[in-house]
Amino acid sequence: MDPAALVARFHAAINALDFAAIEEFFAEDATYCSGGIGGLKGRAGIMAAFRCYFAEYSDQHAEDSLIEPLSATAARSIWRLTATSTITGKRLQRQGEETITFNEDGRILSVDVTDS
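Residue numbers (the numbering used here): 1 to 116.
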């Protein structure tokens, strides 16, 4: 397993808004923690949050400036994104760091996001 390659594929699925592929990445008991949304537990809850977010920010585009393995099952990315709210028309710009840990099947166990 190459966790950096998995993160790159996961991010490509997000940029493509491929919800079936995104959902396939998450283990059933995955967790997702971000300062913007708090903590989420379970694939269903994570996917509900993704769908809600992308309903408002459907033009989001993110780019990784770095993806590096941290261990045999984890990788870290540094990213920046832009998006526009379909509700307010306000432009969103964020940048941050994300650590993703995978299980032995290559499914995401945890995502920890920190905005910078």
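For every residue, glycine included, the Cβ atom is placed at its ideal position computed from N, Cα and C.
Its Cα nearest to that of residue 33, the residue 100 stands out among 70, 100, 75, 82. According to DSSP, residue 26 shares a beta bridge with 108.
Leaving aside the five residues that flank residue 97 on each side, the residues in its chain whose CB is nearer than 8 Å to its CB run, in chain order, 76, 77, 78, 79, 113, 114, 116. Taking 8 Å as the cut-off, the beta carbon of residue 62 is found no closer than this to the beta carbon of residue 102.
Within a 10 Å sphere around the beta-carbon of residue 87 sit fewer than 16 other beta-carbons, which makes this residue exposed. Annotation: the continuous beta strand (DSSP E) that includes residue 38 extends over 38 to 41.
Here DSSP, grouped into helix, strand and coil, assigns residue 35 to coil. Remark: C-beta atoms of residue 69 and residue 4 approach each other more closely than 8 Å.
In the structure shown, the three-state DSSP call for residue 100 is strand. When DSSP states are grouped into helix, strand and coil, residue 81 belongs to the strand group.
In terms of CA proximity to residue 52, 17 leads the group 17, 31, 28, 72.
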